[in-house]
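Per the working numbering, the sequence shown starts with residue 1156, numbered consecutively.
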Amino acid sequence: RRFPRVRAPFTIQYRRSGEVASSWSRVTVINLSAGGLRFRCADEPLETGAPLEIQVALPGFHEPMTLEALVVWNQLHASGVTEVGAEFHGLDLTQQLIVDRLVGFLRTSV
1156 RRFPRVRAPF TIQYRRSGEV ASSWSRVTVI NLSAGGLRFR CADEPLETGA
1206 PLEIQVALPG FHEPMTLEAL VVWNQLHASG VTEVGAEFHG LDLTQQLIVD
1256 RLVGFLRTSV
């Protein structure tokens, strides 16, 4: 792996990029790294390569941070829940620094 992962369950919201009329789906993150995240979704499966918008609520910020990501894998479990691996894509320097700090914070608090 390029980036170490931290297991820290917390909630995010996502939707397919470009579908501004669609509602946000709330999901639980399984793990997070500076390069992406893994989460569970019970909604429709997300195909590999699907572009996503991910909203992360951060302590001390009034508005959630919206990040772009691409689905790099998905796995359907017998329970009907799909696990998804998404890689951050096109982050600017500020977004990357915030993600790096979030990962560092979660690593020290878990």
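Virtual Cβ for every residue (Gly too), placed ideally from N, Cα, C.
Query                                                                                                                                                               : Result
Verify whether the separation of the beta carbon atoms of VAL1226 and GLY1204 is less than 9 Å.                                                                     : yes
From GLN1250 to VAL1236, what does the alpha carbon distance come to, in whole angstroms?                                                                           : 29 Å
Within this structure, are the beta carbons of ARG1193 and GLY1245 separated by less than 9 Å?                                                                      : no
My output table needs one value for THR1249: the three-state DSSP class, helix, strand or coil.                                                                     : helix
Decide if the stretch 1215 to 1230 is in contact with the stretch 1247 to 1261; the criterion is three or more beta carbon pairs, one per stretch, under 8 Å apart. : yes
Residues in its own chain within less than 7 Å of ARG1181 by CB, not counting five upstream and five downstream?                                                    : THR1166, GLN1168
In angstroms with no decimal places, state the Cα-to-Cα distance between LEU1187 and ILE1209.                                                                       : 13 Å
Relative to the C-alpha of LEU1261, which candidate in HIS1232, TRP1228, PRO1214 has its C-alpha closest?                                                           : PRO1214
What does the Cβ neighbour count give for VAL1211, buried or exposed, with the cut at 16 atoms within 10 Å?                                                         : buried
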